[in-house]
Every structure is written in C-alpha cells, then in structure tokens.
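Chains as they are written, first to last, in our numbering: chain Y, 87 to 348; chain R, 87 to 348; chain L, 87 to 348.
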C-alpha cells in the first residue's frame, strides 16, 4: 500500500451510484457521508423494487442494524443481483452476536459472498463463530482479539474482512494491514461506522478489494483526525467530519495515511 | 412576482401544521427545516391513523423516496383526504424513472390531483412520460431539458410543476418563472430537496399555488446563499442553512430573491 | 434534590445499554444524544428479536411517534420483558391526543407499568383522559394546565410523570418538582424531547425514579443553556447541544440546575 490517495481520486472520477440497505439510524448520515466523499448514494429497500434497483447500482452495502423479516428478504434479493453481476457488495453484521435472528440472517447473507465484511471486533468474532461478549453496537472486544477470527472468516467466505477499532485490521486471509488513522470521538457519533460501508463500497468499484478497503479506511481516519482539530465535542466533530471528507485531496490522504503491513 | 417575502411573512403568521409522508433519509432534516422556517411538521404514515391525521393538517407532502406497498396505500389515503377537503398537497416523485413500482405508485397519486409537483429534471421528464436517463435521486438531466415536460405535466394534472436545479423552473402550464437563487453545495446535502417540499406546502396554505411555490423556492435559495458564506463544506453548510432559514426576514428574502418570468 | 450532578456521575460510571423503540425522526439524534451523555444506545424494534434484545438492556424507552401495528406489538413485547425483570422503562406518548389508534396503543402500554411517562402538557392531559387541544407534537397547552393531570396519571399508573415545557413539572403523585432550565430554541429542533427519554432511562438505572428523572431534566436543560450561548439558530444550537451534553461535568450540572419543590 503506497498511494492510498489514488483510490480516492479514482472513486471521485467514477462517482459510482451506491445502493444502501441500511438501518434507520444511519440512513441520513450515511447518505451525507457518501455525498461528501464524492459518490452518489441511494437508499432503497422495498421488496417491490429492490432487485430492479440493485441492477442499476455499481455497488451495494447491506447493514443489519434495524432488521426485520421483510428487510432480510430485500437484502438477500439485492445481494444476489450484485453477486450474479460480479458487482461488489459490503456486509456490516451489526450486533450479530446479540440475537439468534441476526445470526440466521447473516448466515444467509454470507452464502451470497460479500466482497467485504466490516464490523467491530465483537461482531467479527461472533460472525466467525467464536464466543464473544458483544452487546449492541459496542465494540467490547479489542481489535487484536479478532484478528485470528478475521483471517478465518476471510478463508471461510472469500471476503476481505475489516475490523474497525482504534487501529483497524484488514485482511484477505493471506495478507493483512493495519490502519492507524482515526480519532477517539468517532465511536461517540452514531452510525459513522455504518456510513463507512458506503465509502468502502464506492472505493471497491473497479478496484481490487483489499487495497481499496484499506484506502477507504485510511481516508476515513484522516478525515476524522482533521475534524478533531477544531471539534469541541461530538456535535461539532460530526460537522467537521463531513467538511473534511469533502475537502480532503488525494495528496492529503496519501500524506496522512498511516498504513502498515500486519 | 414582486414581493416574495410577503409569502414568508404569511406562512410564519399562519404557522401551519404540515403532514409529511416522506422517506426515512429525509425525516429528521425535513422536520428541522420546516421548524426552522416557522411551520409545524408532523410525520405520520401508518395505515391505522394516516387518514384521521391528515384531517388535522393544513397541508400534506408525499415523497416516494423509500417506498413500499403499505406506504403507497398510506400516501393515497392521506392525499384523498386532502383533495376531498380542498387542502393543498405536494408530490415529490423521487427516482420515479428508476423502477416500474415507482411509476405505478405515481400514476395512482397523480389521479388524486396534487397542487404542486416538485422534482429534478430527470424525475419531471420521467413523470411526464418522456424518456430520461435518471439514476437514483440524481439530476442527470439539465433543468432546461425538462421545461416542456413540466408544462405538459402541468396541463395533464392541473398541478403547478417545479423543476429543481441550479436555476429552478416553475410553471402552472400557462405562466412560468425561473428562480436563480441557491448554491452548488445544496445537492451535496442529502434530502434538502425533499425538505423543500415541506416549506412549499407551508407556503401554499391560504395562498395561490404558483406564486407561493415560487416564493418558497426563492426563500430556500436565499437561505442557501447565506449558509454558503460561512460554510467550509457540506457539514457546516447544513448547520448554517438551518440557521439561515430561521433568521431570514421577509425583507431579506424580497431583497435577495432573483425571480424572473420565463 | 440537592446534588443533581451526582446522578450524571453515576450514569456515566454505569454507562448503561439503553434499548430504544422510537420514531424514525428521532432515531439518529436520539442515539447521538445518548452517546454524548455517556450511555450506550441501541435501536431495535423487529418482532423477531425485540424481546430477546430487551433482555440484554439495562433500560428501555418507548416512543409512539411513528407508530404502526407491528411496532405497537414490539413495544408491548419489550416493555413486558423490562417490567418482568424489574428494569426501568420510559413511555413517551407522542401525539396521543391526535388519533384513536394512539390512544389504544397507549392504553395497552400503560398496563405494563412504565417507570416514567414524559410528554408535553397536551400529551399528559390526553393520556390522563382530560380534554386537550393537542395537535401533532406541539405543546399547545401550558405546563401548568397539566399539573393536576400529571398527578392523577401518576396515581393511576404508579409512574413518575414528567411534563416538558418552558418550566418542567415532575411528580410521583405525592411529591413534585419544577425544573427551570432550558432554552426557547429547544422545541425548534425536532426530536430533542424524544431524545431526552434516552437520557432519563440511562439516569434511572440503579437510582430512584423521581430524583433521577429530575436530575436528567436539569442536566438536559443546563446543556441547552450552554448551547444557546454560541448558537445563531437551530442548526448551530443542535451542534452545540451535543457538544455540551458531552462536555458538562457533574459539578457544572449541580451549579447550573434550577430545581425547586413544587
């Protein structure tokens, strides 16, 4: 990973349409994050149209945060379209350890071969079938505790697996990276993790999954660092974060990225 | 159109209750926009109560952004109440060109005679039955390309049709105006267009539809221009935009409006 | 009520997981409010998992803002779990006076014995079965008009009843307090009242309901006063409010609280 900023440049030139089936909490901020980054978001979930719409998008994200049975069906339908057309899709297994319903839905979604799975350490541990102490959307487990599970999950599914935390860990099962960007206020703003999925999906279009995911996480973290410089708390941080996603140049991302082989 | 600010003054004195059936992405920012402008928003969609609630409101907005069958039924129920009582309602045909489901729902809603239809050029073209290249909520077509379709749609439906874009175009089929207010950052914030529907609906209460719609768009654009003065990106723009909607006086709107006969 | 700040300190040390079944408008800002205060929010409503999830949470909030039948069932399921385990839950009867559907759902929820009921004066009047002029989520009635109804409702249900307004009124039927904190911009930001429910729920964990509720309202109001100092309108107020919730110390809350016996 030498030039993370090039992935940002490519994404902005492509400005892909990203279809998101995400939770109600995340919808607005996620759309604003994807717009600020330079891509085009659409939030569509109805059974009556989700498959047709997925055919129009360059990438898809699926987030099980506020799940019910209808939405689970829509997620499957859209993911099947993307897999069938060889277009990338990202799975965020929010709170998968919390209820058996979420575990069942995730098992069905994993069969549809997401290109990237992103979660916190507890979620990746739960998804890999390892006992976890997850509660809600918190990341009770440290990232390090989930690294072996991430590699195993990558082997099981063929996906790039990204574990979000103070230091992110991203692996395709063979190679792994750590991204040391970001700021402690980021988990104090709801749905910033969910919103990151949309940025990853946009970066995936026309690019190999592992470096594109690493570059997306580095860009996101550099934006968080810039936002923190003027923030007085989580309210002003969120404002500055959207401004930073919009303002950051590829060169600034490359200069600010702290990526290392793991 | 001489004194756009008078419509803002009348709206604030009336402070109408505006019933909104809108998409999940827009709900929060739309409520905040309507509150900041000086009206009173309510978001109600359940089949069990939507008709009863519509009877309490002075105006209605319907936005098909995150649609499903239940919501489509609720939209019809509420629109029928408003039409039956002679109260104004606004239709926003989000992404109508993208799926056949959206086209079917819009056809049913047009039968209930909206007072105003507002969309981007691609949506107005699609709704008028003209081939379009629309994708998601983007405005891929320029406003000019939709002017003839807007007049045709107005003739077909009896509605005032407003095409949003860098320069807005508003027509009742006979007379037309252009509004040259606004700022390039506005489409980079999600759901600002959806939120405008609530402001239009509030302006419609007790006023003729064409000048009220023009005045609402001018007010919105002037607020965008003010917000842009201090904005450093889409995050701070959104904050400043709500502040500007709240702070602008009728006199400032009249002075800043750039409205011309088309 | 001597030391309101101690309740904030206890809440932050506990950092409880608060399960929220709330309306779509409120979900994002409510999660951000609860995070900024120092607790951990989760938004879960699906029939398939809501009971299982409620068992994991330390407290629950139920808000009927954007209601339908499925959600009403989920609310009952979750409230029954909390009541059965002796864990606190808060009911917000949004717009209960507006439709008979809301009245029916509230009647069912009251049977499950909420620990705290919080609403504006119109809602508390409607819930106590007293004629009201409520429309939507507005507070058309003054707080004083609802004080007798609040005491009666508290007697009927065993709940602490909090009436939000320029001066809040909180009673357990025997003892009552007034909280004179807050700012006039607060009702101009959508869902700040809904979001307060999450803060109350977090304060309730391991504390007696009456003083914990009073302390939560005082903390909220002090944060509003701080936010107003630098705000230029509702947009910047909301940003500063989240910053203030995060930054305020227990000592500052104690110093700023204006609580008196009623």
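Note that beta-carbon positions come from the ideal geometry of N, C-alpha and C, so glycine has one too.
Within the model, the alpha-carbon separation for residue 255(Y) versus residue 162(Y) is close to 27 Å. Contacts between residue 325(Y) and chain R, judged by CB atoms closer than 7 Å, involve 321, 322, 325 in chain order. In the three-state scheme derived from DSSP, where H, G and I count as helix and E and B as strand, residue 182(Y) is classed as coil. Chain-order list of chain L residues neighbouring residue 329(R): 317, 318, 319, 320, 321, 322, 323, by C-beta distance under 9 Å. In the DSSP assignment, residue 238(Y) forms no beta bridge with any residue. For residue 344(R), same chain residues with a beta-carbon under 6 Å away, outside a window of 5 residues either side, are 266, 267 in chain order. Burial state of residue 329(R) is buried, judged by a 10 Å Cβ sphere holding 16 or more other Cβ atoms. With respect to chain Y, the C-beta atom of residue 151(R) has a partner C-beta closer than 9 Å. Between residue 249(R) and residue 120(R), the beta carbon gap of about 22 Å keeps them out of contact (Cβ cut-off 8 Å). Contact annotation: residue 111(Y) and residue 152(Y) have beta-carbon atoms nearer than 9 Å. Any Cβ of chain R closer than 9 Å to the Cβ of residue 207(L) would place that residue at the interface, and such an atom is absent. Straight-line measurement puts the Cα of residue 325(Y) at about 8 Å from the Cα of residue 325(R). Within the stretch 94 to 111 of chain Y, contact with chain L at the beta-carbon level (separation under 8 Å) is assigned to 109, 110, 111. Boundaries of the beta strand (DSSP E) around residue 264(L): 262 to 265. The Cβ neighbour count for residue 209(Y), taken over all protein chains shown within 10 Å, is at least 16; the residue is labelled buried. Between residue 271(R) and residue 313(R), the CB-CB gap stays under 9 Å.
Bridge pairing for residue 128(L): 105(L) [DSSP]. For residue 336(Y) and residue 93(Y), the gap between their C-alpha atoms comes out near 8 Å.
Around the CB of residue 155(L), fewer than 16 other CB atoms lie within 10 Å, so the residue is classed as exposed. In the structure shown, residue 255(Y) falls within a strand segment according to DSSP collapsed to helix, strand and coil. Rounded to the nearest angstrom, the gap between the Cα atoms of residue 143(R) and residue 104(Y) is 36 Å.
Residue contact check for residue 146(R) against chain L: no CB pair falls below 9 Å. Taken through DSSP and simplified to helix, strand or coil, residue 245(Y) comes out as coil.
Shown here for residue 95(Y): same chain residues with a beta carbon closer than 6 Å to its own, the five before and five after excluded, namely 336 in chain order. Unbroken beta strand (DSSP E) stretches of 3 residues or longer found wholly inside the stretch 145 to 214 of chain R: 145 to 149, 175 to 178, 202 to 206, given in chain order.
For residue 178(L) and residue 109(Y), the gap between their C-alpha atoms comes out near 22 Å. Following the DSSP letters along the chain, one finds residue 138(L) inside the alpha helix (DSSP H) bounded by residues 136 to 140. Put simply, the CB of residue 332(Y) is near chain R, with a gap under 9 Å to one of its CB atoms.
Shown here for residue 133(L): same chain residues with a beta carbon closer than 8 Å to its own, the five before and five after excluded, namely 156, 159, 160, 163 in chain order. Below the 7 Å Cβ cutoff, chain R contributes no neighbours of residue 139(L), its closest Cβ being approximately 20 Å away. For the 9 Å CB-CB criterion, residue 138(L) and residue 186(Y) form a contact.
When 9 Å is used as the limit between beta carbons, residue 114(L) is near these residues of chain Y: 110, 111, 112, 113, 114, 115, 276, 277, in chain order.
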